[in-house]
Structure formats: C-alpha cells, structure tokens
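First residue of the sequence shown: 1, per full-length UniProt numbering; consecutive thereafter. Note that CB positions come from ideal geometry on N, CA and C, so glycine has one too.
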Amino acid sequence: MAENGATETKWKMPLLVFFRDARHIFKMDELGSEILRIAVPAAMALAADPIASLIDTAFIGHLGPVEIAAVGVAIAIFNQASKVTIFPLVSITTSFVAEEDTVQKVSNKESQKGEDLEKDKSSKITEEKEPIPEDEMLEKLEKGTSTNNDEEKDSIPNDDCKAVTCKSPSFTDGKSINDKPTKKNGKRNIPSASTALIVGGILGLVQAILLIFCAKPLLHIMGVKSDSPMHTPARKYLTLRALGSPAVLLSLAMQGVFRGFKDTKTPLYATVAGDVTNIILDPIFIFTCRLGVSGAAIAHVLSQYLISLILLWRLMKKVDLLPPSAKDLQFSRFLKNGFLLLARVIAATICVTLAASRAARLGATPMAAFQVCLQVWLTSSLLADGLAVAGQAIIACAFAEKDYQKATTAATRVLQMSFVLGLGLAAFVAAGLHFGDGIFSKDPHVLHIISIGIPFVAATQPINSIAFVFDGVNFGASDFAYSAYSMVVVAIVSVAVILFLSKTGGFVGIWVALTIFMGLRTFAGVWRMGTGTGPWKFLRGRLLP
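Dropping the structure here:
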C-alpha cells in the first residue's frame with residue numbers, strides 16, 4: 001500500500017515490532033539523542049545510591065561476617081518497605097507530570113499562535129490608518145482640498161474606527177497576551193508535583209514509625225530471632241535507618257517530578273552530593289567514632305536529608321508548589337493508580353525479600369555472600385532503569401500528544417538498547433566480581449560462595465535489563481493495571497519456585513529461582529506489547545513506515 005508516495009507495511013504480527021529498525025539502534029538522530037540525554041544522568045543517579053550501599057557493605061564487611069549479614073537483612077527489610085511506597089509514587093509522578101507538562105505546552109503554543117495573529121491583525125489596522133504627513137496636508141491646502149473635520153470623519157469607515165479605537169494589541173478578550181495561565185511568577189503550575197510531595201511526606205512519616213516500632217517482629221519474619229548474633233546489629237541499623245524515611249520518600253517524589261520534565265541532571269547532582277557525603281562520613285562514624293553499624297546508618301540518613309534539601313531548593317525555582325486551590329490536587333488519581341502499583345511492588349519485592357530470608361536461614365556466611373551478590377545484581381541491573389526513565393518520559397509525552405508513531409519508535413529503541421546494555425553488563429559483572437570480590441570480604445568461605453553466585457549474577461543481566469525497561473514502557477503508556485496484575489501472577493509462581501528450590505538446592509537453588517522470576521517478568525512485558533493489546537492495540541492493523 002502506498003500513501004503520499006511512501007511505501008508502508010502492515011504489521012500483522014505486532015511481535016515483529018521489537019525488531020523494527022534494529023539497524024538504527026546506535027543512530028544518534030533526534031530520538032537517540034533525547035534518550036541518551038535523559039537516560040545517562042538517570043542511570044548515574046539510580047546507580048549512585050546502590051554504589052553507596054556497596055561502599056557501606058565494603059566498610060561494614062571489615063567489621064566481620066556477622067555484621068555484614070545483619071546489615072544485609074536490615075537493608076532487605078528497609079528496601080522492601082521503601083519500594084512499597086517509593087516505586088508507585090515515583091512512577092506515577094513521572095507519568096502524570098510528563099502528561100500535564102506536555103498538555104500545557106501544547107495549550108500555550110496554541111494560545112501564543114492566537115495572540116500572534118491578533119497582534120498581526122491589530123498592527124495591519126494601525127498601519128492602514130496612519131495619519132496624513134504634514135507636507136501632503138499642505139499640498140492639499142494649496143490645491144483647495146477640503147480638510148473639514150466632519151468630512152475626514154466621514155472618510156473613515158465606521159468599522160475601521162471601531163477597530164482603531166477599541167482594539168488594543170496588548171489585550172485579547174480582556175487578557176494580556178503575556179498572560180501564562182500555566183505559570184505563576186515565572187514558575188510552572190503542575191498540580192501533580194504538589195500532590196506527589198504531600199503524599200511522599202505522609203508516607204515517609206508512616207514508614208518511619210512502622211519500621212521503628214516493628215523492627216523486632218520484622219527481623220523475626222526474616223529469620224533473625226532474638227538469640228541470633230545478627231539480631232542486635234540488625235535492629236540498631238534498621239531503627240536508625242528508618243529515621244531517614246521521610247527524606248527518602250520526599251527526595252524520590254521530587255526526582256519523579258524532575259523526570260517528568262525530562263530533567264535527570266538535577267537529581268544526579270543532588271544524589272552524588274549526598275552519596276559523597278555518605279562515603280566521607282562512613283569511615284568517620286564506623287571506625288573513628290567506633291559506632292560500628294550504627295555509624296553506617298547515621299551517615300546514610302544524613303546524606304538522604306542533604307539530597308532532599310538540594311532537590312527542594314531546585315524544585316521551588318521551577319514549580320509553584322502551592323496550587324491555586326486544594327481542588328487542583330489529584331489525590332484520587334494518585335490513589336487509584338497508586339494502589340495498583342502498590343500491589344505490583346509488593347508482589348515484586350516480596351520475591352527478592354523471600355530469597356534473602358531463605359539465604360539468612362542458611363547461616364551468616366551464606367547470607368553474607370548472598371548480600372554481596374544481591375547488591376551487585378541490583379546495582380548493575382539498575383543501570384537499565386536509566387533507559388526505563390527515558391522511555392517512560394518520552395512515551396508519556398507521545399501518548400499525551402497522540403503521537404503513536406513516536407511512542408512505538410521510542411519503545412522499540414529503548415528495548416533494543418537495553419538488550420545491548422545487558423550484554424555489556426554481563427561481561428563487566430563477571431569480570432568485576434571474579435577479580436574484585438576481595439573488596440567486600442576477606443573471609444575465604446564467603447569468597448568461595450560468592451564465586452558460586454557469579455555465573456547467575458552475570459548471566460541474568462540481559463534479562464534484567466529488558467524487564468526493567470519494559471516497566472518504563474508500560475508506565476509511559478499508563479498501563480498500570482496490566483503491570484500490577486501480571487506481576488501478581490509472576491510473583492505467585494516465583495514464590496512457589498523460591499520455596500521449593502531453596503530447600504532442594506540451597507544457595508544455588510535461590511539464584512536459579514531468582515533467574516526464573518526475572519525471566520517471567522520479561523515474558524509478561526513482551527506479551528503485552530508483542531500481542532498488540534491494551535494501549536498498544538493500535539499496533540494491530542496500524543500502518544507503520
């Protein structure tokens with residue numbers, strides 16, 4: 001079929017869309033440049049915090065295997081609690097802010113076009129009715145031409161008089177052409193941003209209270225009982241780390257706002273400043289002040305509050321955080337989609353938490369090795385989240401503009417890039433863990449078990465990268481319901497697999513189960529877009545060049 005001289009092909013099988021324009025994967029066109037401009041700073045910011053946690057782990061590892069295992073359990077609990085609240089908040093905020101900002105920009109452009117037309121019309125009318133030059137007036141007087149005022153009035157049409165005297169190039173329907181209804185005092189008016197900060201602050205306080213008062217039962221659930229040598233250091237670390245929950249929630253809510261604006265550099269600068277502070281304070285509090293694991297927790301909490309202050313200061317320069325009315329806040333919209341993603345996050349993180357719990361039951365040494373492998377696994381995989389952030393922001397804007405061609409192209413490009421990234425990460429992680437495992441521990445037994453986990457940590461990188469980027473693609477399309485329901489199904493299967501394989505295969509069985517878990521997550525993403533269902537139904541029968 002041809003249209004306007006261009007040959008087009010009908011995608012009878014939407015699954016083929018994943019291979020579309022694969023030869024252009026590294027092409028630095030407008031889309032490729034935009035993806036990298038968003039993804040690179042986002043990936044660096046996302047990796048900064050896990051890297052700081054790795055450095056925490058390295059410092060604590062020198063205290064002994066009991067301490068590193070205890071901190072591993074505490075971090076698993078804190079991450080579980082944080083992801084339950086953080087992930088829905090950040091994901092929803094990014095999509096909503098991107099949509100609002102795009103719609104407002106389109107509205108402003110259309111409004112500006114109308115105002116420019118009004119300006120041109122008024123200018124033309126003014127030019128047509130310019131006063132008669134003085135020399136021409138004298139010439140007319142010499143020739144006896146009448147200059148009677150009444151005759152001059154009659155010579156000007158009534159409509160033109162109205163146009164000259166009643167129209168002003170500075171106003172349109174009583175409003176100045178410089179009015180910006182979507183801005184106030186030069187700042188953007190984005191209700192989603194204000195809503196996100198309020199929700200983030202409340203959730204942060206709730207999380208802090210729950211972790212402080214429920215530390216003991218939570219550790220018991222994780223297999224660390226009161227008589228365990230890991231119990232005391234784990235409880236100290238978790239309780240102190242909980243004090244930073246409000247800062248963590250607020251900072252990540254603000255990061256969601258900046259991502260919606262396609263600004264990932266500001267969160268990067270703030271995160272790096274906070275993490276550098278954490279790295280500097282770690283040895284001071286842990287060794288110099290002899291606070292041990294408590295010192296590591298205090299350093300981390302202080303760094304999180306620094307990040308929040310920097311982001312808040314920058315955000316207040318861009319956005320009017322006080323909306324014109326409380327009615328502009330979008331609590332119902334946040335809650336509706338937030339509960340869907342809440343179910344999704346609980347389902348996803350419970351699998352990782354369960355795996356950590358099963359590793360803890362194997363003893364302090366296997367848990368210490370598992371903690372190192374898990375931190376590396378999550379840190380390296382999170383680099384793909386930079387592409388997920390870029391994909392989410394671009395796709396959300398494309399859907400808001402109803403530009404389905406750009407949405408499809410952006411989705412396929414970030415997915416293809418994620419696969420290549422995963423292959424690179426696999427080689428890097430394998431070499432890094434093989435030669436650098438001594439950074440995390442000097443215990444030969446821990447190092448031996450780490451070597452057993454290296455093939456799993458490295459080989460799953462391509463799968464993890466694609467799975468994480470699919471999250472961004474689905475969120476950009478506001479496909480929150482499918483993301484939630486599919487993850488619940490995946491988690492049900494994965495929990496059964498983890499319980500079974502951890503009993504029969506021990507440490508290796510746990511990693512095999514985690515590999516299956518990530519494989520199922522990837523399959524769920526491929527199924528949705530590959531079958532052209534939900535928001536991607538336009539792929540079935542849509543003509544794509």
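query                                                                                                           : result
I75 versus L238 - alpha carbon distance                                                                         : 7 Å
Straight-line Cα distance separating S53 from Q375                                                              : 8 Å
Own chain, CB closer than 7 Å to I516, minus 5 neighbours either side, in chain order                           : S494 and V497
Segment contact flag, the stretch 241 to 255 with the stretch 189 to 207, C-beta cutoff 8 Å, min 3 pairs        : yes
Buried or exposed by the 16-neighbour rule on C-beta atoms within 10 Å, applied to K225                         : exposed
Beta carbon of A388 nearer than 7 Å to that of V319                                                             : no
C-alpha gap between T365 and I298, whole angstroms                                                              : 26 Å
C-alpha distance - I452 paired with S465, whole-angstrom precision                                              : 22 Å
Beta-carbon spacing of M316, A70 below 7 Å                                                                      : no
Nearest to P217 (by Cα), restricted to the options L342, F26, L268 and I77                                      : I77
Contact set for I310: own chain, Cβ-Cβ below 7 Å, skip 5 residues either direction                              : A270 and A273
C289, buried or exposed, once every other Cβ within 10 Å from all chains shown has been counted against 16      : exposed
Backbone CA spacing between R521 and L514 [nearest angstrom]                                                    : 11 Å
Buried/exposed call for V97, threshold 16 Cβ in 10 Å                                                            : buried
Nearest-angstrom Cα separation, counted from R314 out to F433                                                   : Here the sequence assigns Leu to residue 433, which means Phe is not the residue at that position. If I take the Cα positions, the gap works out to 38 Å.
Environment of S91 [buried if 16+ CB atoms lie within 10 Å]                                                     : buried
Sub-7 Å separation of A208 and A242 beta-carbons                                                                : yes
Candidates D101, T408, A347 and A355, of which the one nearest R188 by Cα                                       : D101
Burial state of V420, where buried means 16 or more other Cβ atoms lie within 10 Å                              : exposed
Alpha-carbon spacing of V512 relative to M529, whole angstroms                                                  : 27 Å
Simplified DSSP assignment, three categories, for K109                                                          : helix
C-beta contact flag for M417 and I463 at 7 Å                                                                    : no
Contact belief for A396 with G476 at Cβ below 8 Å, rounded distance in angstroms                                : 5 Å
Start-end ranges of the alpha helix (DSSP H) lying completely within the stretch 354 to 433, minimum 4 residues : 364 to 382 and 384 to 400
7 Å Cβ cutoff met for P267 and F261                                                                             : no
Between the CA atoms of T412 and I25 - distance to the nearest angstrom                                         : 9 Å
Straight-line gap, H62 to E99 (C-alpha atoms, nearest Å)                                                        : 48 Å
Burial state of F213, where buried means 16 or more other Cβ atoms lie within 10 Å                              : exposed
Rounded straight-line distance, which links the Cα of I439 to that of M487                                      : 35 Å
Top-ranked residue by Cα proximity to I38, from T85, A48 and G391                                               : G391
6 Å CB neighbourhood of A278 in its chain, flanking five on each side removed                                   : Looking at the sequence shown, residue 278 is not Ala but Asn. Hits under 6 Å: A52, A299, H300 and S303.
N- and C-terminal bounds of the alpha helix (DSSP H) containing D437                                            : Here D437 belongs to no alpha helix (DSSP H), and DSSP marks it neither H nor E.
Short Cβ contact (7 Å threshold) for G534 with D471                                                             : no
Buried or exposed (CB count within 10 angstroms, at least 16 for buried), D437                                  : buried
Bounding residues of the alpha helix (DSSP H) (the contiguous stretch that carries I25)                         : Counting along the chain, I25 falls outside any alpha helix (DSSP H), and DSSP gives it neither H nor E.
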